[in-house]
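Here the protein sequences line up with chains A and B, keeping their order.
Straight run, no breaks: the first sequence in the working numbering ends on number 231.
Straight run, no breaks: the second sequence in the working numbering ends on number 1127.
Structure record follows, encoded as structure tokens.
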Amino acid sequence: MQEVTLNPRIVEIRQNILKKNDVLARELRKGFQEAGVYVINLVSSPGAGKTTLLTEMLTRLGERYGVAALVGDLATENDAERLRLSGAQVRQITTGTVCHLDAEMVKRNLEGWDLEAIDFLFIENVGNLVCPASYDLGENQRVVLFSVTEGEDKPVKYPTIVNSADTAVITKIDLAEAVGFQRECFYEALNEVRPGIPIFEVSVRTGEGIEEWIAHLEAGKAAFEKAAGCL
Amino acid sequence: MHELSIAHSLVELAIEAAEKTGTKRVKTLYLKLGVLSGVVKEALEFSFDVVVQGTPLEGARLVIEDIPVKVFCPDCKQAHILPEPFPMRCPVCKRRTGQVLEGREMELYALEGGEEDAGSDVKPPDR
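In structure tokens, the structure reads:
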């Protein structure tokens, strides 16, 4: 039977669509590891309190470590200006209309920084609980933040990002009572989409939970250094 | 909507893959899209149609296979496909498990070219 001309030509490719980003993220991760930089990617909706918590972390960790931050926003330098008050090195990544950060933006914005002098690098993603989920930035820890005012079912509404996160932080916990925050429902929702996720409750205003949160980051860095030492 | 960025990456990757494998006149792109990939299929299809204009892939079709979530249940010691991505529980014993084996894919799986003698080579992309 003559069917050669009818045979379509199919070739297997089997490559991740975001291969370029993933390759770059791997390179970044390797570079960070060699320089001893522990990287934390912060994701949340707009208004969850990323910048406020970040200012607090930069201030507290900055007393003992080299700290720096990259902060993503669609427009304005406002967040970087707020964060610089902590005394840390801060760079704003203005994305224009792009709704997430990618590895290339991180790489480009690290230029000129001495990574050896940085112990903790925070990347504050664009306020968005959808798009940042797909992009690896070379981070060691992805932290998803929710404030108590956002509703207990929010993790179930944005399951993909929660599922991709390593840790969850509940912010503005001092308002919990005032807004009728149902702690159990929230924990339940988080665990339905990302079973076993470590959860921290913090309030920058009252200082509640901040010590524990900072200790968690330090422990993460210590574990990372130990793992790097074994290589 | 990050599907537009993803469509750009997809077209770029596919053009590169077509050149590398000597695939002429790409007719179809086969994708595997996990339900946990964070990509909305319809948005990606729409974005692809926009992005592909004026590239060597213009006119190519996108065929997307949805990949369900497969988890490993430490109690059953077995992998199971979840009927729904969430809640993340073993569908048999209902134990919670976060060990995702499949469902995060965002993969260009294959390219289908036209007939060997039907057309010219894939042109290099406009830069």
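Note that CB positions come from ideal geometry on N, CA and C, so glycine has one too.
Can you say whether Ile1067/B is buried or exposed, counting buried as having 16 or more other CB atoms within 10 angstroms of its CB? buried
Closer than 8 Å to chain A by CB, Leu1101/B: no
Looking at the C-beta of His1002/B, does it have a partner C-beta in chain A at a distance below 8 Å? yes
Determine the extent of the alpha helix (DSSP H) in which Asp271/A is found, giving its start and end residues. With chain A covering 1 to 231 only, the question about residue 271/A has no answer from this structure.
Would you kindly report the start and end of the unbroken beta strand (DSSP E) that includes Ile13/A? 9-16
Beta-carbon gap between Ala88/A and Val71/A smaller than 8 Å: no
Please tell me whether Phe1086/B and Pro159/A are closer than 8 Å, where the distance is taken between their beta carbons. yes
Mind checking the segment 181-201 of chain A against chain B and listing, in chain order, the residues whose C-beta falls within less than 9 Å of any C-beta there? Asn191, Glu192, Val193, Arg194, Pro195, Gly196, Ile197
Flag this pair as touching only if the segment 118-125 of chain A and the segment 26-41 of chain A have three or more C-beta atom pairs under 8 Å; answer yes or no. yes
Would you tell me roughly how many angstroms separate the C-alpha atoms of Arg205/A and His1002/B, rounded to the nearest one? 34 Å
Chain A beta carbons: is any one of them nearer than 8 Å to that of Phe1046/B? no
Proximity test, Cβ basis, 8 Å: Thr1055/B and chain A: no
Rounded C-beta distance between Met1106/B and Val193/A? I'm assuming under 8 Å. About 19 Å; that fails the 8 Å criterion.
In chain order, what residues of the same chain lie with their CB nearer than 7 Å to the CB of Tyr187/A, ignoring the 5 residues before and after it? Ile199
Whole-Å CB distance - Leu1108/B paired with Phe1048/B, under 8 Å assumed: Leu1108/B to Phe1048/B, Cβ: 12 Å. No contact.
Using DSSP bridges, identify the partner residues of Asn41/A. Ile123/A, Arg142/A
So who's on the other strand from Thr167/A, going by DSSP bridges? Val143/A
Taking the alpha-carbon positions, what's the Val98/A to Ala1043/B distance? 15 Å
If the criterion is Cβ atoms closer than 8 Å, does the pair Asp153/A and Asn21/A meet it? no
Amino acids of chain A, ordered along the chain, whose beta-carbon sits closer than 9 Å to that of Ile1006/B: Ile17, Leu18, Ser134
Measure the alpha-carbon distance for Leu190/A versus Val162/A and round it to whole angstroms. 7 Å
For Asn163/A, go through chain B and note every residue whose CB falls closer than 7 Å to its CB, in chain order. Leu1036
With three or more C-beta pairs closer than 8 Å as the rule, is the segment 208-228 of chain A touching the segment 1016-1034 of chain B? no
Hey, does Pro1068/B have any beta-carbon neighbour from chain A nearer than 8 Å? no
At 8 Å on the CB atoms, spell out the chain B contacts of Glu12/A, in chain order. Tyr1109, Ala1110
For Pro1010/B and chain A, any beta-carbon pair shorter than 8 Å? It is Leu, not Pro, that sits at residue 1010/B in the sequence shown. Answer yes: the Cβ-Cβ gap between Leu1010/B and chain A drops below 8 Å somewhere.
Nearest to Glu203/A by CA position, among Val11/A, Arg26/A, Gly31/A, Thr51/A, is which residue? Checking the sequence shown, residue 203/A turns out to be Ser, not Glu. The residue with the shortest Cα to Cα distance from Ser203/A is Thr51/A.
Using C-beta distances below 7 Å, list every residue in its chain close to Val1039/B, excluding the 5 sequence neighbours before and after it, in chain order. Glu1003, Ile1006, Leu1033, Met1106
By the three-class DSSP mapping on this structure, what secondary structure does Thr94/A have? strand
What residues from chain A crowd round Val1039/B, counting only those whose CB sits closer than 8 Å? Ser134
Closer than 9 Å by beta-carbon distance: list the chain A residues that pair up with Ala1017/B, in chain order. Val11, Ile13, Gln15
Cross-chain neighbours of Gly1085/B in chain A, by beta carbon under 9 Å: First, the residue type needs correcting, since residue 1085/B is Pro and not Gly in the sequence shown. Going along chain A in sequence order, the residues near Pro1085/B (Cβ under 9 Å) are Pro159, Thr160, Asn163, Val193.
Nearest CA to the CA of Ser44/A: which residue from Val90/A, Glu208/A, Phe146/A? Phe146/A
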